[in-house]
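Student:
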Amino acid sequence: MWQRLWSGIVLLFSFPEGIRKAIYTTNTIKSANRQIRKIIKNKGVFPDDKSIQKIIFLALTNAQKKWTMPIKDWSVALHQFAILCGTDDQKWANIDQRWTNSDIILIQSF
15 MWQRLWSGIV
25 LLFSFPEGIR
35 KAIYTTNTIK
45 SANRQIRKII
55 KNKGVFPDDK
65 SIQKIIFLAL
75 TNAQKKWTMP
85 IKDWSVALHQ
95 FAILCGTDDQ
105 KWANIDQRWT
115 NSDIILIQSF
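Read in order, the letters of the sequence shown are residues 15 to 124 in my numbering.
1) Suppose only complete runs of 4+ residues qualify. What are the alpha helix (DSSP H) ranges in the region 27 to 93, listed by chain order?
2) Considering Cα atoms alone, identify which of Ala96, Arg18, Ala46, Ala91 is closest to Arg34.
3) Taking the alpha carbon of His93 as the reference point, which residue from Lys68, Gln49, Phe29 has its own alpha carbon closest?
Put into structure tokens, the structure is as follows:
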């Protein structure tokens, strides 16, 4: 599997440490799956499909609250983006430092 994903791994390590940390420590999908598994495991048996849908909806709603938290050390990553792109820090200063975890996924395709 890692051989298939090797180009993405190499791309990740081409970024400075601050940017890499912002990318690899942000895993929204893993967090969502963990929330769903946790709530299903605690509940056990469901009477019908509708109840499963409702419980998954509630689990994702709770997980989504965490996705709006600012990314740790985002200012370091922004500074390194400015260096990487050859622009001054003032251009990057206008970017909202409260990017969410789901927003960082866009950077992974950068």
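Ideal Cβ placement from N, Cα and C applies to all residues, glycine included.
Tutor: For this structure:
1) 31 to 38, 42 to 57, 63 to 80
2) Ala91
3) Phe29
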